[in-house]
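Novice: In the numbering used here, the protein residues as written are 262 to 404. We put the beta carbon where it would ideally sit given N, CA and C, even for glycine. None of the values given here were measured: they were computed from a predicted structure. I have a structure I would like to understand better, so I am pasting it below and will then ask my questions one at a time.
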Amino acid sequence: MSQQRSEMIRLDLPARYAYLHLLSETIAALLQQAGAHDELLVYNVQLAAHEVCTNIIHHSYRYRRDSDDRISIALTLHYQPLRIEIELHDTGESFTPDLAPNPTLSEAQIHGYGLFLIRHLMDHVGYIAHPDGNRWRLVKRLT
Numbered sequence: 262m263s264q265q266r267s268e269m270i271r272l273d274l275p276a277r278y279a280y281l282h283l284l285s286e287t288i289a290a291l292l293q294q295a296g297a298h299d300e301l302l303v304y305n306v307q308l309a310a311h312e313v314c315t316n317i318i319h320h321s322y323r324y325r326r327d328s329d330d331r332i333s334i335a336l337t338l339h340y341q342p343l344r345i346e347i348e349l350h351d352t353g354e355s356f357t358p359d360l361a362p363n364p365t366l367s368e369a370q371i372h373g374y375g376l377f378l379i380r381h382l383m384d385h386v387g388y389i390a391h392p393d394g395n396r397w398r399l400v401k402r403l404t
């Protein structure tokens, strides 16, 4: 494992589902660099980040569908303590996460699991609406 304090990768993706595989591949490569060989851990981080992006595309940009809509992503691998931090920024509509209903787990649903999954898969989930857009911060400890 590297003795660096942190390593960052930035992505600036079009807000389209077709590009989300690039985020997943980047997460896998960064976690491999950290020595994380637990496939379930890698998958869980990928799933949480993918869910945030899916919600951005589907909800934040829902009325715009502008080809210039983007999702800016900073993935940082911190070594002390070992963790991955994913920051996502979009310029779409904001929302209030606390008002999003929890899914009814006793009944099957087609939608509504995203925010629930994100919160349960990551160690920290933060969301702030700014005048220049929305910012998400996801953190997962790797030790």
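Apply the 10 Å Cβ neighbour rule to Y331 and answer buried if 16 or more other Cβ atoms are within range, or exposed otherwise.
Specialist: Start at 1 with the first residue of the sequence shown, and residue 331 comes out as number 70. It is Arg, not Tyr, that sits at residue 331 in the sequence shown. That one is buried.
Novice: Do the region 300-319 and the region 376-395 make contact, defined as three or more Cβ pairs closer than 8 Å?
Specialist: Yes, the region 300-319 is in contact with the region 376-395.
Novice: For S333, which of helix, strand or coil comes out of DSSP?
Specialist: Mapped onto the sequence shown, residue 333 falls at position 72. Note: S333 maps to strand in three-state DSSP.
Novice: Among L281, L283, A290, L382, which residue has its Cα nearest to the Cα of E268?
Specialist: Locating residue 268 in the sequence shown gives position 7, counting from the first residue. Checking every option, the nearest Cα to that of E268 belongs to A290.
Novice: Thinking C-beta only, is T337 closer than 8 Å to E346?
Specialist: In the sequence shown, residue 346 corresponds to position 85, counting from 1. In the sequence shown, residue 337 corresponds to position 76, counting from 1. Yes.
Novice: My guess is that A309 and M383 are in contact by the Cβ rule of under 8 Å, so how many angstroms apart are they, rounded?
Specialist: Counting from 1 along the sequence shown, the entry for residue 309 is found at position 48. Counting from 1 along the sequence shown, the entry for residue 383 is found at position 122. So it is a contact: roughly 5 Å between Cβ atoms.
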